[in-house]
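Structure, as structure tokens:
Protein chains: 2
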Amino acid sequence: MTSRRSVLASGLSAAALYAAKTSYTYAEIDRMIARGDVKGKLSKADLPTPALIVDLDAFEGNVKKMVGYVKSKGRAIRPHGKTHKCPDIAKYIIAQGAVGACSAKLSEAEAFADNGVNGLLVTTAVIGKHKIERAVAIAKKHPDIIYSMDNAQNARDMNDAAGVAKVKLNVAIDLWVGKRTGIIPGDAAVALGEAISKLPNLKLHGIQAYAGHASHAIGFENRKKVSIEAMTPAVETRFALEKKGISCPWLSGGSTGTYNIDTHIEGITELQPGSFMFMDVDYNRIGSESGSEIYTDFKNSLFVLATVVSKPKDDTAIVDGGLKAFSTDKPFPPQWRGGNELPYAFAGDEHGRLTLNAGKQVSIGDRLEFIIPHCDPSVNLHDRIYAVRGEQVEAVWRVAARGLGQ
Amino acid sequence: MTSRRSVLASGLSAAALYAAKTSYTYAEIDRMIARGDVKGKLSKADLPTPALIVDLDAFEGNVKKMVGYVKSKGRAIRPHGKTHKCPDIAKYIIAQGAVGACSAKLSEAEAFADNGVNGLLVTTAVIGKHKIERAVAIAKKHPDIIYSMDNAQNARDMNDAAGVAKVKLNVAIDLWVGKRTGIIPGDAAVALGEAISKLPNLKLHGIQAYAGHASHAIGFENRKKVSIEAMTPAVETRFALEKKGISCPWLSGGSTGTYNIDTHIEGITELQPGSFMFMDVDYNRIGSESGSEIYTDFKNSLFVLATVVSKPKDDTAIVDGGLKAFSTDKPFPPQWRGGNELPYAFAGDEHGRLTLNAGKQVSIGDRLEFIIPHCDPSVNLHDRIYAVRGEQVEAVWRVAARGLGQ
Chain A
1078 MTSRRSVLAS GLSAAALYAA KTSYTYAEID RMIARGDVKG KLSKADLPTP ALIVDLDAFE
1138 GNVKKMVGYV KSKGRAIRPH GKTHKCPDIA KYIIAQGAVG ACSAKLSEAE AFADNGVNGL
1198 LVTTAVIGKH KIERAVAIAK KHPDIIYSMD NAQNARDMND AAGVAKVKLN VAIDLWVGKR
1258 TGIIPGDAAV ALGEAISKLP NLKLHGIQAY AGHASHAIGF ENRKKVSIEA MTPAVETRFA
1318 LEKKGISCPW LSGGSTGTYN IDTHIEGITE LQPGSFMFMD VDYNRIGSES GSEIYTDFKN
1378 SLFVLATVVS KPKDDTAIVD GGLKAFSTDK PFPPQWRGGN ELPYAFAGDE HGRLTLNAGK
1438 QVSIGDRLEF IIPHCDPSVN LHDRIYAVRG EQVEAVWRVA ARGLGQ
Chain B
1078 MTSRRSVLAS GLSAAALYAA KTSYTYAEID RMIARGDVKG KLSKADLPTP ALIVDLDAFE
1138 GNVKKMVGYV KSKGRAIRPH GKTHKCPDIA KYIIAQGAVG ACSAKLSEAE AFADNGVNGL
1198 LVTTAVIGKH KIERAVAIAK KHPDIIYSMD NAQNARDMND AAGVAKVKLN VAIDLWVGKR
1258 TGIIPGDAAV ALGEAISKLP NLKLHGIQAY AGHASHAIGF ENRKKVSIEA MTPAVETRFA
1318 LEKKGISCPW LSGGSTGTYN IDTHIEGITE LQPGSFMFMD VDYNRIGSES GSEIYTDFKN
1378 SLFVLATVVS KPKDDTAIVD GGLKAFSTDK PFPPQWRGGN ELPYAFAGDE HGRLTLNAGK
1438 QVSIGDRLEF IIPHCDPSVN LHDRIYAVRG EQVEAVWRVA ARGLGQ
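Just so you know, the protein sequences line up as chains A and B, in that order.
Just so you know, the first sequence maps onto residues 1078 to 1483 in the numbering used here.
Just so you know, the second sequence maps onto residues 1078 to 1483 in the numbering used here.
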């Protein structure tokens, strides 16, 4: 049992921190956000925690580097919106040179389309009568949208619905080059391409081919081998279609891990990376082309800001972010942004436990930033991203497609 | 590479399924939900997937059993709202005999209070000037709300804010009996109780003591030992306060795993279980008092409904629910509701991979229900819970506190 002295001591150290807070009420902050009137007025210290924050200097640098690199290699880039789910971010990256945004699911594409994002590619097949009706409705307003598909029945269903609505749908053959969705490359895919080319209301745009297992392969040379092995059948399928007289001018694939591999593969015309803008613990560990074990190509820009809410023992502090604030699909925990001195362990839905015997001390009320294990599912937990530069909040981005996995 | 024949074969089997769908558009479904006009009109087959569904027969049976049991032992029950985050559910359980609802965090309590839930207990300390202002504002409208705290500085801060607002706050000492938040039981906690009793704007309601490690201890006898060890210091602290003349009439703890243990411990006056209403793979494995390895006290009522969207190989089908539809914090995957014949593995943010060589076959368009690994963080991914009886949707519950972890 701790002495009364330690209770009072931890109380005293907290007092100074309370005094440092500014005086906005939460209602005032909500109104500032609603008006879009936060720049120069709201600081990180004002934010209710746990809060998802983006370091704008790092984020903008990541976007500039990725877009610049891919375009310099003569390829287009359509970053994946499943990473950010924010129309504001999709439009920002398009303004920087991207041709549009990918969506994993139909409802995500709807959220982007409704908020003014053009150049959409839906990377999962749209299955079921209701969803197909909705897909056709988006295409009426956004004729450049591209839908992925991987079987002939779905092609006929999409064609029929497009016919009823008097719209022509751009479609891509989704190829199984990873371990998710798609038709097997080669003969089967070519047969599907032929079937699509005969359907009057579909237009074959090209091939969608995402190799998820390549993106996180550890070590650059290993990753290069895995990605080339995965993407070669996609390129061959594209050329086999062309050889049959079926136009297939487009092949989209690639990821944050393979951007500097896939842009050197002949026949891939477009990249669809997502994580590069935010980065996470998982991507930090895949290794760079330079040989570095840490992947330094892009900077960590996404963090969860959390507050120390309890200090039950001298060696233990509890922060207010747990299973509901961070992704949990990876076998490693969040990492304190400041270094290794505050190891974090999940402590239930709402809390994390910091071990304090590695040197760094904290007090109740302290605010700490954590790099998240995996960016995409973490963003999907939060309704807002606070975009900060230094201590100031410059913008609040609504995660408009949060939860839209349908 | 598969032959063209297998492409056509999988296409044909899907055709019959498409034909079975009803003809509501999504916009029509949205309007039905907005009007609260779904009963008798909307069926499971109409729902966009992935969808979180509750089997009402199982859910209602679980609530009846838990509330009945706890009350029969002369204790009160205030189920934890962090599990469901739905004001509709909190009010339903109160109507069945609960005294109120717990909230893990302040913003969750706000969502409940704003939607007519009384008898709130906030189980984590409210830290920081902004949050304390908000806590006091809730108490002005809901004077029965109870706030947990675990240090003297926070008690003084809460007291000061309550004084400014001219409100008296009910507070509970949060005890470290598990591995999350709280003050060490015994002398330190008694000293905090004395400090609280001297603050004019706080009223000590009692003790909050949640032993998370006990709730999931495997095997009933083991769990009983762990829970008694954890809760005994809480009971002793309560009686030590009373001995000093400090009124401490209330002690809340317990969980779905320990409801039939803690209701037999003298001095615990109230239980705060959550998962019992839904259950999950995790709780299914803790073992029953009867000796059964499967925990059969409560039934699985919560499922994710997903659709087969791709069938790339004869032994592989892909469903449209992945890391963003299911919790991922446990070392086991979702389980098909129908048995062991469709083993599921996560396949990225948006997909799951089913292995088909265990006997059961599926086709594109098939809809399947999965038991989720851990209920609380799964509910927090979804904006709605569809309450179904048989094939019919009877109600749609808004997860009003989803994402409110602040």
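For each residue, glycine too, the CB sits at the ideal point set by N, CA and C.
These numbers were taken from a predicted model, which means no experiment stands behind them.
(request) Can you say whether Thr1099 of chain A is buried or exposed, counting buried as having 16 or more other CB atoms within 10 angstroms of its CB? (result) Only weak support exists for where Thr1099 of chain A lies, its pLDDT of 47 falling under 50; the coordinates are left without a value.
(request) Under 7 Å Cβ to Cβ from Ala1181 of chain B, same chain only, skipping five residues before and after it: list those, please. (result) Once the five neighbours on either side are set aside, the close Cβ partners of Ala1181 of chain B are Lys1159, Thr1200 and Thr1201.
(request) Spell out whether any CB of chain B is found under 9 Å from the CB atom of Ala1175 of chain A. (result) Closer than 9 Å: no.
(request) Assuming Ala1424 of chain A and Ile1395 of chain A form a contact by the criterion Cβ under 8 Å, report the distance between their Cβ atoms to the nearest whole angstrom. (result) The C-beta separation of Ala1424 of chain A from Ile1395 of chain A comes to about 6 Å, placing the pair in contact by the 8 Å criterion.
(message) Rounded to whole angstroms, what is the Cα-Cα separation between Glu1468 of chain A and Val1131 of chain A?
(response) In a straight line, the C-alpha of Glu1468 of chain A is about 11 Å away from that of Val1131 of chain A.
(message) As a quick exercise: from A:Leu1269, A:Ala1216, A:Gly1193 and A:Thr1258, pick the residue whose alpha carbon is nearest that of Ala1229 of chain A.
(response) The shortest Cα separation from Ala1229 of chain A among A:Leu1269, A:Ala1216, A:Gly1193 and A:Thr1258 belongs to A:Leu1269.
(request) Say whether the stretch 1234-1242 of chain B touches the stretch 1209-1226 of chain B, bearing in mind that this needs 3 or more beta-carbon pairs closer than 8 Å, one atom from each stretch. (result) Touching, yes.
(message) DSSP three-state label for Tyr1287 of chain A, please.
(response) When DSSP states are grouped into helix, strand and coil, Tyr1287 of chain A belongs to the coil group.
(message) Distance check for Asp1359 of chain A and Pro1450 of chain A, CA to CA, integer angstroms please.
(response) One C-alpha to the other measures close to 6 Å.
(request) Can you tell me which of A:Ala1190, A:Arg1461, A:Arg1466 and A:Arg1152 puts its alpha carbon nearest to the alpha carbon of Ala1111 of chain A? (result) Distance check between Ala1111 of chain A and each of A:Ala1190, A:Arg1461, A:Arg1466 and A:Arg1152 places A:Arg1461 closest, using alpha-carbon atoms only.
(request) Assign Leu1246 of chain B to one of three DSSP states: helix, strand, or coil. (result) Reduced to three states, the DSSP call for Leu1246 of chain B is strand.
(message) To the nearest angstrom, how far is the alpha carbon of Gln1285 of chain B from that of Lys1388 of chain A?
(response) Near 16 Å, if we compare the C-alpha coordinates of Lys1388 of chain A and Gln1285 of chain B.
(message) Please report the distance separating the alpha-carbon of Gln1173 of chain A from that of Val1456 of chain A.
(response) Distance between the alpha carbons of Gln1173 of chain A and Val1456 of chain A: 22 Å.
(request) At 4 residues or longer, and completely inside the stretch 1143-1209 of chain A: list those alpha helix (DSSP H) runs for me, N to C. (result) Runs found: 1164-1172 and 1183-1191.
(request) Starting from the beta carbon of Gly1442 of chain A, find every residue of chain B whose beta carbon is closer than 8 Å, and list them in chain order. (result) Correct list: Ile1204 and Gly1205.
(request) Compare the beta carbon distance of Ala1188 of chain A and Leu1419 of chain A with 9 Å and say whether it is the shorter of the two. (result) Not a contact, by the Cβ cut-off of 9 Å.
(request) Go through its chain and collect everything with a Cβ distance to Gly1193 of chain A's Cβ below 7 Å, but skip five positions before and after it. (result) Cβ within range, chain order: Pro1164 and Lys1168.
(message) For Lys1245 of chain B and Arg1108 of chain B, I'd like the C-alpha separation in whole angstroms.
(response) Going by C-alpha positions, Lys1245 of chain B is about 43 Å away from Arg1108 of chain B.
(message) Quick test of your reading: Leu1348 of chain A and Thr1340 of chain A, contact by CB under 8 Å. State the CB separation rounded to the nearest angstrom.
(response) Contact between Leu1348 of chain A and Thr1340 of chain A holds: CB atoms are separated by about 7 Å, below the 8 Å threshold.
(request) Report, in whole angstroms, the separation of the C-beta atoms of Ala1153 of chain B and Asn1377 of chain B, which I expect to be a contact under 8 Å. (result) Not really, about 26 Å apart at Cβ, beyond 8 Å.
(request) Name, please, each residue of chain B whose Cβ falls closer than 7 Å to the Cβ of Ala1402 of chain A. (result) Those within 7 Å of Ala1402 of chain A in chain B are Gly1482.
(request) Using the Cα positions of Cys1170 of chain A and Ala1178 of chain A, report the straight-line distance between them to the nearest angstrom. (result) Contrary to the premise, residue 1170 of chain A reads as Ile rather than Cys in this sequence. So the two alpha carbons sit approximately 9 Å from each other.
(request) Round the Cβ separation of Arg1304 of chain A and Ile1338 of chain A to the nearest angstrom and send it over; I've been treating them as touching at under 8 Å. (result) According to the sequence provided, residue 1304 of chain A is Ser. The question's Arg does not apply to it. Taking the Cβ atoms as the reference, Ser1304 of chain A lies roughly 5 Å from Ile1338 of chain A, within the contact range of under 8 Å.
(message) Please tell me whether Leu1459 of chain B has its Cβ less than 9 Å away from any Cβ of chain A.
(response) It should be pointed out that residue 1459 of chain B corresponds to His in this sequence rather than to Leu. Contact of His1459 of chain B with chain A is assigned, a C-beta pair being separated by under 9 Å.
(request) Apply the 10 Å Cβ neighbour rule to Gly1322 of chain B and answer buried if 16 or more other Cβ atoms are within range, or exposed otherwise. (result) Exposed is the call here.
(request) Would you list, in sequence order, the uninterrupted beta strand (DSSP E) runs of no fewer than 3 residues that lie entirely inside the stretch 1395-1465 of chain B? (result) Runs of the beta strand (DSSP E) inside the stretch 1395-1465 of chain B: 1421-1423, 1429-1432 and 1444-1448.
(message) Checking the sheet assignment: what are the DSSP bridge partners for Gly1380 of chain B?
(response) According to the sequence provided, residue 1380 of chain B is Phe. The question's Gly does not apply to it. For Phe1380 of chain B, which the question treats as bridged, DSSP gives the partners B:Ile1130 and B:Ile1448.
(request) Look up Lys1302 of chain A in the DSSP assignment and say whether it is helix, strand or coil. (result) If DSSP states are grouped into helix, strand and coil, Lys1302 of chain A belongs with the helices.
(message) Distance check for Val1267 of chain B and Leu1318 of chain B, CA to CA, integer angstroms please.
(response) Rounded to whole angstroms, Leu1318 of chain B to Val1267 of chain B spans 6 Å at the Cα level.
(message) Tell me which residues of the stretch 1376-1394 of chain B have at least one Cβ-Cβ distance to chain A shorter than 9 Å, keeping chain order.
(response) Listed in sequence order: Thr1384, Val1385, Val1386, Ser1387, Lys1388, Pro1389, Lys1390 and Thr1393.
(message) Could you check whether the Cβ of Lys1098 of chain A sits closer than 9 Å to any Cβ belonging to chain B?
(response) With a pLDDT of 43 at Lys1098 of chain A, under the threshold of 50, the predicted position of this residue should be treated as unreliable, though the coordinate-derived value follows. Output row for Lys1098 of chain A: interface = yes.
(request) Going by DSSP, name the residue or residues bridged to Arg1475 of chain A. (result) A:Arg1461.
(message) Helix, strand or coil, according to DSSP, for Ser1329 of chain B in the structure here?
(response) If DSSP states are grouped into helix, strand and coil, Ser1329 of chain B belongs with the strands.
(request) Determine whether the Cβ of Asn1361 of chain A lies closer than 9 Å to any Cβ atom of chain B. (result) No, Asn1361 of chain A does not count as interfacial toward chain B.
(message) Can you tell me whether Ala1435 of chain B is buried or exposed? The criterion is at least 16 other CB atoms within 10 Å of its CB, across all chains shown.
(response) When all chains shown are included, Ala1435 of chain B counts as exposed.
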